[in-house]
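**Student:** In this text, residue positions in the sequence shown follow this note's numbering: the first is 1, and each later residue adds one.
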Amino acid sequence: MSQKELFFSRMLSAVFFVLGLCTSLLAGNVAVDFTKSHQVIDGFGGSSAWSGKLTDAMMDGLYNNGPDQVGFTILRLRIDPSNTAWGDEKSNAEKAKARGATVFASPWAYPKALTTNNSTIKGYINPAKFTEVAAHLKSFWTYCGEDNVDIMSLENEPDYAQSVNYEGCTWTAQNFLDFCKTYAPQVGKPILLPESFAFRTELSDPTLNDPVAAANITYIGAHLYGSGPKKYTKALDLGKHIWQTEHYFDNDDAGSCMRFAKELFDCMNNDFSAYVWWWMTYDSKSSGKEALWFNNAPNHRAWVLGQFSKWVRPGYVRVDATYSPQNGVYAVAFKGDSNVVVAMNNTNSPQNITISFTGATVTSATKYTSSQSKSGKNEGVIAATNNSFSTTLDAQSVSTFVSAGIPIGVIRQCKNAPDFEIGAGRPSTEKSFVYLINGKRGTLSQSHNLNKYTQGIYIIKGNEAEKAGAKRILNTSN
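1) Residue 317 and residue 37: beta carbons closer than 7 Å?
2) To which residues of the same chain is residue 60 closer than 7 Å at the C-beta, ignoring the five residues directly before and after it?
3) Assuming residue 152 and residue 105 form a contact by the criterion Cβ under 8 Å, report the distance between their Cβ atoms to the nearest whole angstrom.
4) In terms of alpha-carbon separation, which member of 84, 297, 53, 383 lies closest to residue 482?
5) Kindly indicate which three-state DSSP category residue 37 falls into: helix, strand or coil?
6) Who pairs with residue 320 in a beta bridge, going by DSSP?
7) In whole angstroms, give me the CA-to-CA distance for residue 362 and residue 379.
8) Between the C-alpha atoms of residue 209 and residue 137, what's the straight-line distance to the nearest angstrom?
9) Can you give the beta carbon distance from residue 396 to residue 346, rounded, assuming they're within the 8 Å contact cut?
10) What are the boundary residues of the beta strand (DSSP E) that residue 46 is part of?
11) Please state whether the Cβ-Cβ distance between residue 205 and residue 236 is less than 7 Å.
12) Which value, in whole angstroms, describes the spacing of the CA atoms of residue 368 and residue 340?
13) So, at 8 Å on beta carbons, what are the nonlocal neighbours of residue 231 in its own chain, with the 5 sequence-adjacent residues on each side left out?
14) What are the start and end residues of the alpha helix (DSSP H) that includes residue 212?
15) Is DSSP giving residue 23 helix, strand or coil here?
16) If I measure Cβ to Cβ from residue 25 and keep anything under 7 Å in the same chain, skipping five residues before and after, which residues do I get?
17) Between residue 307 and residue 342, what straight-line distance do the alpha-carbon atoms span, to the nearest angstrom?
18) Who are the Cβ neighbours of residue 117 in its own chain at under 8 Å, not counting the five residues just before and after it?
19) From the DSSP output, which residues share a beta bridge with residue 367?
20) Can you list, in chain order, the residues of its chain with a C-beta nearer than 7 Å to that of residue 310? Leave out the 5 residues immediately preceding and following it.
21) Does DSSP classify residue 234 as helix, strand or coil?
22) What residue range is occupied by the uninterrupted alpha helix (DSSP H) comprising residue 130?
23) Answer with buried or exposed for residue 381, where buried requires no fewer than 16 other C-beta atoms within 10 angstroms of its C-beta.
24) Spell out the partners DSSP gives residue 246 in its beta bridges.
25) Kindly indicate which three-state DSSP category residue 253 falls into: helix, strand or coil?
26) Confirm, please, whether the CB-CB distance from residue 194 to residue 158 is below 7 Å.
27) I need the straight-line Cα distance from residue 165 to residue 121, nearest angstrom please.
28) I need the boundaries of the beta strand (DSSP E) containing residue 195, first residue and last residue.
29) What do you reckon, are the CB atoms on residue 101 and residue 73 nearer than 7 Å?
30) Which residue marks the beginning of the beta strand (DSSP E) containing residue 119, and which one marks its end?
31) When you compare only the Cα positions, how much space is there between residue 108 and residue 364?
32) Starting from residue 303, trace the alpha helix (DSSP H) in both directions and tell me its first and last residue.
33) Taking its Cβ as the centre, do 16 or more other Cβ atoms sit within 10 Å of residue 244, making it buried, or is it exposed?
34) How do the stretch 249-256 and the stretch 293-304 stand: do at least 3 beta-carbon pairs fall below 8 Å, yes or no?
35) Going straight from the alpha carbon of residue 261 to that of residue 391, what length do you get?
Structure follows, in structure tokens:
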């Protein structure tokens with residue numbers, strides 16, 4: 001080799017070395033720590049409001065979890081002010097429960113007699129009728145079936161009812177406090193509030209500041225119109241679960257899907273336990289711009305949500321993970337019977353990342369990707385070395401990495417125990433969270449017959465356990 005050839009050979013080697021070093025430096029590192037836990041996940045889903053009876057094909061595609069299905073686990077119903085119009089939502093609740101989902105219901109308007117202006121449009125709730133308000137809410141879930149509705153919301157967007165010309169009802173922060181302090185137990189189901197259209201915590205703060213009222217609510221519902229996810233420390237410190245219960249992004253293109261994905265990641269990173277999309281179908285007004293079901297299949301947006309709902313099941317717990325390892329790349333992680341990392345690439349080019357794990361042994365992970373060209377595609381198994389692996393994220397995509405997990409906590413054998421006492425001194429109206437670790441969810445009252453549950457491992461979280469940082473796990477399989 002001539003001196004000139006040797007010179008160029010060495011120069012080329014140096015260039016390749018520098019390029020490799022740059023690639024290594026640009027590759028974001030996602031450090032996952034399974035020893036540091038955050039919120040419990042309740043699930044993901046959408047609303048059937050004004051959508052009529054949802055078809056079995058649609059419910060299978062959205063709420064079952066097989067191939068080409070997105071595995072939703074929450075359905076939001078609308079409570080019509082007239083009890084003669086509840087049939088469609090009863091059907092939807094039954095179909096959702098048959099597929100293992102949690103169901104909650106929200107009123108937009110109340111019967112005219114329960115408002116101060118005798119109207120379902122721009123109405124105001126009548127505090128003098130709170131006993132009848134509670135009875136109205138209870139009659140809805142009773143009509144649908146005791147086991148078909150799990151949670152009752154008090155009002156949809158109470159801070160927006162005076163701004164629209166469709167049905168709505170205004171509740172003030174004082175209304176919520178007064179109702180929850182005295183009347184909420186009469187509803188007979190766990191209570192969710194306030195479902196502010198812009199996550200205005202001042203509507204729920206007074207209720208949370210009152211120990212009696214706060215004990216009678218379980219969930220904080222938020223909408224993100226003109227707002228964004230934030231950590232609601234006051235509610236979290238009291239053991240309440242934060243749910244995003246309505247939002248949408250128009251259109252199904254890559255840009256809209258990535259905006260949706262980023263909001264979803266932000267919600268998880270701010271300790272939300274659930275994310276519920278607006279209309280899953282109902283194209284007559286939105287021209288399909290808001291739907292998750294199109295041409296008899298989940299669309300791209302549905303698969304963005306599916307990257308969570310298929311693999312991050314109710315009862316999973318978010319753990320520490322590097323949220324933004326590099327510009328345009330975000331990641332969140334969860335533990336359950338599988339360990340799950342979800343990562344998004346919001347840039348227009350592929351991005352390399354390395355995922356490393358602490359507190360769990362990870363030998364491999366299966367990668368699934370959704371984008372404009374992929375719908376939860378199985379990209380194969382990635383081998384891990386020393387609890388770490390590297391991968392490339394497609395441009396404008398969301399990818400989920402699933403590895404074997406180990407349920408944590410104290411295992412109690414309960415198959416032969418007819419009842420389980422949650423804890424002494426808890427009010428009978430307070431409900432505890434119970435999750436079958438593969439997805440099905442229910443509630444436990446103070447004393448509850450466990451024989452109604454199928455065999456499996458259940459995670460139970462009551463308020464007294466949450467405050468102590470404990471998680472009790474019941475194994476009914478032996």
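Cβ atoms here follow ideal geometry from the backbone N, Cα and C, with glycine treated the same way.
From a predicted model like this one, the values you see are computed outputs, not experimental measurements.
**Tutor:** Working from what's here:
1) Here residue 317 is near residue 37, since their CB atoms are less than 7 Å apart.
2) A distance below 7 Å between beta-carbons, with the five flanking residues on each side excluded, links residue 60 to the following residues of its chain, in chain order: 69.
3) About 6 Å separates the two Cβ atoms, so the contact holds.
4) As shown, the chain starts at 1 and ends at 478. That puts residue 482 outside it, with no answer to give.
5) Residue 37: strand per DSSP, three-state reduction.
6) DSSP links residue 320 through a beta bridge to 33.
7) Answer to the nearest angstrom: the Cα atoms are 18 Å apart.
8) Distance between the alpha carbons of residue 209 and residue 137 is about 24 Å.
9) 7 Å between Cβ atoms; contact.
10) Here the beta strand (DSSP E) through residue 46 covers 43-47.
11) No; because the gap between Cβ atoms is not below 7 Å, this pair is not in contact.
12) Rounded to the nearest angstrom, the two C-alpha atoms are 11 Å apart.
13) These residues qualify, in order along the chain: 270, 271.
14) Here the alpha helix (DSSP H) through residue 212 covers 211-215.
15) Confidence at residue 23 is low in this model, with a pLDDT of 43, below 50, so its placement is unreliable and the value that follows should be read with caution. Of the three classes helix, strand and coil, the one that applies to residue 23 here is helix, per DSSP.
16) Unreliable positioning characterises residue 25 in this predicted model, as indicated by a pLDDT of 44, which lies under 50. A coordinate reading is not provided.
17) For residue 307 and residue 342, the distance between alpha carbons rounds to 7 Å.
18) Excluding residues up to 5 positions away in sequence, 123, 124 lie with their Cβ nearer than 8 Å to the Cβ of residue 117 in the same chain.
19) According to DSSP, which records beta bridges pairwise, residue 367 is partnered with 380, 401.
20) 65, 70, 71, 376, listed in sequence order.
21) Here residue 234 sits in helix by DSSP.
22) Taken as a continuous stretch (DSSP letters only), the alpha helix (DSSP H) holding residue 130 covers 130-144.
23) Looking at its Cβ environment, which holds fewer than 16 other Cβ atoms inside 10 Å, residue 381 is exposed.
24) For residue 246, the pairing in a beta bridge is given by DSSP as 223.
25) Residue 253 falls in the coil class under three-state DSSP.
26) Taking 7 Å as the Cβ cut-off, residue 158 and residue 194 qualify as a contacting pair.
27) Computed Cα separation, rounded: 6 Å.
28) Where residue 195 is concerned, the enclosing beta strand (DSSP E) stretches over 191-196.
29) The Cβ-Cβ distance between residue 101 and residue 73 falls below 7 Å.
30) Per DSSP, residue 119 belongs to no beta strand (DSSP E) and is neither H nor E.
31) Rounded to whole angstroms, residue 108 to residue 364 spans 47 Å at the Cα level.
32) For residue 303, the enclosing alpha helix (DSSP H) covers residues 300-309.
33) By the neighbour-count rule (16 or more Cβ atoms within 10 Å), residue 244 is buried.
34) Yes, the stretch 249-256 touches the stretch 293-304.
35) Residue 261 and residue 391 have their alpha carbons spaced roughly 20 Å apart.
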